[in-house]
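Numbering (my numbering), first residue to last: 18 to 414. We treat Cβ as the ideally placed atom computed from N, Cα and C, and that holds for glycine. Following: one structure in structure tokens, then a few remarks.
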Amino acid sequence: MYSSAQIIEKTTRYGAHNYAPKPVVIANAEGTVVTDPEGLRYYDMLSAYSAHNFGHRHPEIVAAAKAQLDSCTLTSRAFHSENLGEFCESLAKLTGKDMVLPMNTGAEAVETALKTARLWGARVKGVENGKQEIITCENNFHGRTISIISFSTDPLAKDGYGPYCSGFKTVPYGDAQALREAITPNTVAFLAEPIQGEAGIIMPPEGWLSEVREICTQNNILFLADEVQTGFARTGDMFACWHENVVPDIYIMGKALGGGVMPLSAIAANEDILGLFTPGSHGSTFGGNPLACACGIKALEILQRDDYPRLAREKGEYFMAELKKIDNPEIKEIRGRGLLIGVEFHGSAYEYVKACIHEGVLCKETHDNTIRFAPPITVSYEELADALARIKKAFDR
Ligand SMILES: *Cc1c(COP(=O)(O)O)cnc(C)c1O
């Protein structure tokens with residue numbers, strides 16, 4: 018077995034440097050606890066950016082994956098496979114939508130939603146093809162493809178990758194009036210995160226989502242909700258839009274959908290929208306593969322059976338209340354919903370992250386000043402209490 022130092026050296030030597038990982042190697046993981054090759058234990062308070070809502074290696078999801086490995090892993094969509102129908106049914110019922118289109122990564126699901134909206138604009142709304150406009154938000158994060166970074170407002174994500182895709186407009190996040198004013202007869206959709214994760218757990222003003230819903234309906238444009246990070250109970254409701262009883266036209270989902278075992282993403286919408294696709298008009302070799310779907314089916318079952326939204330809500334309230342007791346004038350604001358919590362500092366959070374990791378709590382700063390805490394929803398109260406004691410120690414320095 019290689020040491021942490023050897024692993025980091027090799028990764029840095031041969032891997033592209035498009036990430037700056039914290040100097041911790043996760044070699045073994047179970048639930049909330051991960052260990053490095055030397056046996057040091059940490060609490061995972063990032064959960065692979067919310068992909069680990071079920072905790073690392075949830076036994077039932079691992080069992081479903083193992084069983085599937087013994088029958089069939091991949092067929093491509095050239096043929097039918099066992100789990101796709103059941104997976105789509107399960108996700109359609111959960112979202113209350115007619116149909117589901119599976120992909121693999123969050124970015125692909127966003128791309129799929131953008132293509133769907135443009136197609137709907139041309140075929141249903143009657144916008145001339147090539148003129149479709151989609152409105153997005155400042156400080157958005159929707160993934161890393163060329164079309165998606167074309168409407169990013171983060172120079173780091175965007176610079177050097179031109180030429181960019183056209184047909185996108187940006188308005189301030191949480192500003193309903195700006196959205197209203199940006200709409201033209203060619204607008205086909207509005208794309209937004211119900212809480213901006215990567216931007217630093219930015220909460221929109223209360224009522225904004227309902228207003229967005231109303232504006233989209235009034236103007237005959239689709240509301241595309243990117244629930245890749247906020248979905249599947251993370252914020253204390255099944256989807257973050259549901260806190261305001263808002264139903265988007267298209268749900269965009271990923272991360273936790275594969276149960277932390279397989280990449281699995283999807284969009285869900287009604288037949289008047291998703292029914293527009295015809296054979297050959299969109300697809301993915303791995304999308305909807307039986308191994309990923311086996312994990313997805315089990316994940317969706319556990320999520321509902323064990324009432325994850327309630328767990329995230331209750332544990333989140335406890336976690337947030339305890340964090341707020343920490344007395345450090347450097348802390349500017351603590352905000353969030355459910356188990357998606359941001360601690361914003363007046364200055365850089367870098368040294369605090371370092372201190373947390375030193376105390377055995379894995380977390381990461383997002384946009385310099387904010388630490389995101391997003392433990393698995395399966396985290397126990399004992400683990401939370403122990404992690405909190407360590408975070409307090411780290412923040413007291
Ligand atoms: C992570 C994320 C994505 C992209 O998902 P990938 O699987 O990394 O492509 C898209 N939207 C949001 C809101 C995300 O948090």
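Pairing ILE151 with GLY191 gives a Cβ-Cβ distance that is not under 8 Å. Below 8 Å, enough C-beta pairs join the region 128–137 and the region 284–302 to call them touching: three or more. For CYS89, there is no enclosing beta strand (DSSP E), as DSSP marks it with neither H nor E. Pairing ASP171 with GLY214, the inter-Cα distance amounts to about 14 Å.
With contacts defined as CB atoms closer than 8 Å, GLY248 and ALA273 qualify as a contacting pair. Using a Cβ distance threshold of 8 Å, ASP53 and SER88 do not count as a contacting pair.
Just so you know, the alpha carbons of THR187 and LYS142 end up roughly 21 Å apart. In this structure, the C-beta of HIS260 stays at least 7 Å away from each heavy atom of ligand 1. Under DSSP, the beta-bridge partners assigned to LYS186 are ILE152. Contact annotation, LEU239 with ILE267: C-beta distance approximately 6 Å; criterion of less than 8 Å satisfied. Here ILE163 is exposed, its C-beta having fewer than 16 other C-beta atoms within 10 Å. The Cβ atoms of ALA309 and ILE269 lie no closer than 8 Å to each other. By the 16-neighbour rule on beta-carbons within 10 angstroms, SER107 is buried. Under the rule that a run must span 4 or more residues, the alpha helix (DSSP H) segments found entirely inside the region 104–189 read 123–137, 163–166 and 172–175.
In this structure, the C-beta of GLY160 approaches ligand 1 to less than 7 Å from one of its heavy atoms.
The beta strand (DSSP E) runs lying completely inside the region 223–264 and spanning 3 residues or more are 239–243, given in chain order. The residue from ASN35, LYS27 and TYR59 with its alpha-carbon nearest to that of VAL41 is TYR59. Here LEU357 carries a strand assignment [DSSP, helix/strand/coil]. With a threshold of 7 Å, the Cβ atom of TYR66 counts as near ligand 1, since some heavy atom of the ligand is closer than that.
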